[in-house]
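In what follows, a single structure is set out as structure tokens and then discussed.
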Amino acid sequence: MANLTRRTLLQFCSGSLLLSLAPASWAKAGADIVASRIWPATAYTRLTLESTTPIEYKQFMLSNPTRLVVDIKGFATNQVLHSLSQKVLPMDPYIKSVRIGQFGNDTVRIVMDLKTAVNPQVFTLKPVANFRNRLVVDLYPSTAVALAQEQNDPLMALLQDYNRGKINSDGTSTAQAAAPTPPVQKPTQQASNTLIDNTPVPSKPNRLNRQPIVMIDPGHGGEDPGAIGPSGLREKDVVLAIARETKKQLDALGYKTYMTRNEDIFIPLGVRVAKARKLKADVFVSIHADAFTNPSAKGTGVYALSPKGATSAAAKYLAKTQNEADSIGGVNYSKDTTVNNTLFDLAQTATINDSLKLGKGVLDQLAKINKLHKGSVDQANFAVLKAPDIPSILVETAFISNPTEEQLLSTGAFRKKAASSIAGGVKGYLSNAVLARR
């Protein structure tokens with residue numbers, strides 16, 4: 000070591016010796032990292048640490064090569080932390096490798112070697128559901144990369160806008176929060192002709208004869224598994240499979256279909272709504288699998304938004320559990336976020352009425368493949384259905400908490416039938432709808 004020049008020594012220390020092993024280390028009383036997870040996805044990669052006590056941290060970036068460093072104070076390294084290095088997947092778009100070491104006598108240093116420039120969002124979450132205290136590291140693409148990716152998927156920019164407080168929970172822009180929603184008006188014939196110029200159309204898609212846009216929303220994802228069945232089947236996996244099949248069938252019918260997620264990734268509820276609004280979707284269908292405290296509960300159901308309260312105790316319970324997705328998945332709420340308190344005006348009322356029509360059509364189709372939990376469309380204050388200008392429904396395909404229906408949900412045959420029912424109901428609604436670009 001004595002033969003190294005001062006410059007060489009500094010370079011060596013800033014790189015491979017970034018993690019120095021202290022002769023002794025200590026942790027806060029009762030402080031321990033009990034779980035570590037990495038969720039890689041195209042939109043962003045998430046790394047989480049779960050702890051028995053709140054986590055105090057600081058972060059900074061290093062270049063040449065690009066690294067993100069996160070120091071957590073009052074903890075000692077353990078096997079859970081060291082296991083992070085084995086959880087980095089080759090297909091991860093952002094993380095090349097992770098290194099862990101004791102830095103000083105009271106700090107654990109985490110170094111993420113990165114594949115590309117990133118815009119990191121680091122925050123903590125309080126205990127919720129089955130999770131303890133969490134430290135969350137979200138690695139978004141840098142601005143230049145994100146702008147290029149946005150041309151193919153507007154989700155990229157929406158996720159960052161949401162974290163910066165630019166998007167409300169109902170998918171509207173905070174800049175427009177104070178402005179009343181304009182009433183929905185049927186387009187004139189002249190306007191209709193303008194709307195459909197240069198737009199590919201399927202055969203007889205609807206009375207306006209233009210290609211409708213459908214947004215399919217597989218619930219939960221990533222850190223948020225949704226409900227888990229008796230045998231361990233996860234809601235997030237079931238609904239993603241059904242959503243993919245639904246999209247396939249709607250595409251074959253000639254509709255322009257998008258998904259809020261097509262990976263195992265957590266997407267905030269407001270971003271799901273905002274994506275549908277950005278793409279000017281004509282309908283929004285969120286797909287889920289019920290869970291209830293009583294495992295005997297069973298049946299398929301369809302739900303629409305109710306601004307005044309739930310139309311049944313079951314709908315109220317379901318809305319509460321589904322609305323907890325942001326808390327479970329972990330959202331970095333900006334201090335600048337404002338709440339849109341705009342009253343439900345005539346436009347919102349008209350949208351809910353259309354949602355009930357859409358829901359009735361889907362429910363009628365689902366009744367052919369499974370017993371219904373309720374014979375009509377139920378309503379509650381679901382956060383994911385709050386787009387003020389898009390007919391939106393939430394489909395609970397079956398009770399994953401019921402052993403018999405969990406088995407149904409695990410089969411490809413039932414998933415395909417559920418997708419066919421959803422697609423058939425959407426087709427019936429759109430065939431009779433007069434649609435205008437919003």
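Residue numbers (numbering that gives the first Met the number 0): 0 to 437.
All C-beta atoms in this analysis are idealised placements derived from N, C-alpha and C, irrespective of residue type, glycine included.
This structure is a prediction, so every number in the text was calculated from the model and none was measured.
1) Can you list the alpha helix (DSSP H) stretches of 4 or more residues lying completely in the segment 346-420, in chain order?
2) Which residues does DSSP list as the beta-bridge partners of Arg243?
3) How would you write the range of the beta strand (DSSP E) that Arg108 sits in, first residue to last?
4) If distances are taken between C-alpha atoms only, which option among Val284, Pro39, Pro387 comes closest to Lys426?
5) Output yes or no for whether 8 Å exceeds the beta carbon distance between Glu404 and Ala128.
6) Quick one, which of Phe381, Pro217, Ser400 has its alpha-carbon nearest Ile421's?
7) Starting from Arg271, trace the alpha helix (DSSP H) both ways and give me its first and last residue.
8) Between which two residues does the beta strand (DSSP E) carrying Ser326 extend?
9) By the DSSP assignment, the alpha helix (DSSP H) with Gln78 in it spans what residues?
10) Any contact of the segment 247-260 with the segment 313-329, i.e. 3+ C-beta pairs under 8 Å?
11) Under 8 Å between the Cβ atoms of Ile392 and Tyr302?
12) Report yes if the CB atom of Ser96 is closer than 8 Å to the CB atom of Ser84, and no otherwise.
13) Below 8 Å, can you find three or more Cβ-Cβ pairs linking the segment 267-277 to the segment 228-242?
14) Taking the beta strand (DSSP E) that Leu46 falls in, what are its first and last residues?
15) Taking the DSSP output, what are the residues bridged to Gly100?
16) Ser141: buried (16+ other C-beta within 10 angstroms of its C-beta) or exposed?
17) Classify Thr292: buried if its beta carbon has 16 or more other beta carbons within 10 angstroms, exposed otherwise.
18) Report the three-state DSSP secondary structure of Lys307 (helix, strand or coil).
19) Under a Cβ-count criterion, where at least 16 other Cβ atoms within 10 Å of its own Cβ denotes burial, should Pro126 be classed as buried or exposed?
20) Write down the C-beta distance between Val68 and Ser50 rounded to the nearest angstrom, noting that I regard them as a contact closer than 8 Å.
21) Would Ile286 and Ile215 be called neighbours here (beta carbons separated by less than 8 Å)?
22) For Val238 and Met60, what's the separation of their Cα atoms in angstroms?
23) For Val425, which of helix, strand or coil comes out of DSSP?
24) Are the segment 305-316 and the segment 353-371 touching, with three or more C-beta to C-beta distances below 8 Å?
25) Using DSSP's beta-bridge definition, name the partner residues of Thr299.
26) Residues bridged to Met60 by DSSP?
Put simply:
1) 402-408
2) Partner(s): none; Arg243 has no beta bridge.
3) 106-113
4) Val284
5) no
6) When each option's Cα is compared against that of Ile421, the closest is Pro217.
7) 268-277
8) Here Ser326 belongs to no beta strand (DSSP E); instead the alpha helix (DSSP H) covers 324-328.
9) 78-81
10) Contact fails between the segment 247-260 and the segment 313-329, because fewer than three Cβ pairs, one in each stretch, are under 8 Å apart.
11) yes
12) Closer than 8 Å, so yes.
13) no
14) 44-50
15) Arg108
16) exposed
17) exposed
18) Coil, per DSSP.
19) exposed
20) That belief does not hold up - the Cβ atoms of Val68 and Ser50 are roughly 19 Å apart, past 8 Å.
21) yes
22) 37 Å
23) Looking at Val425 - three-state DSSP - the assignment turns out to be helix.
24) no
25) Leu371
26) Leu67
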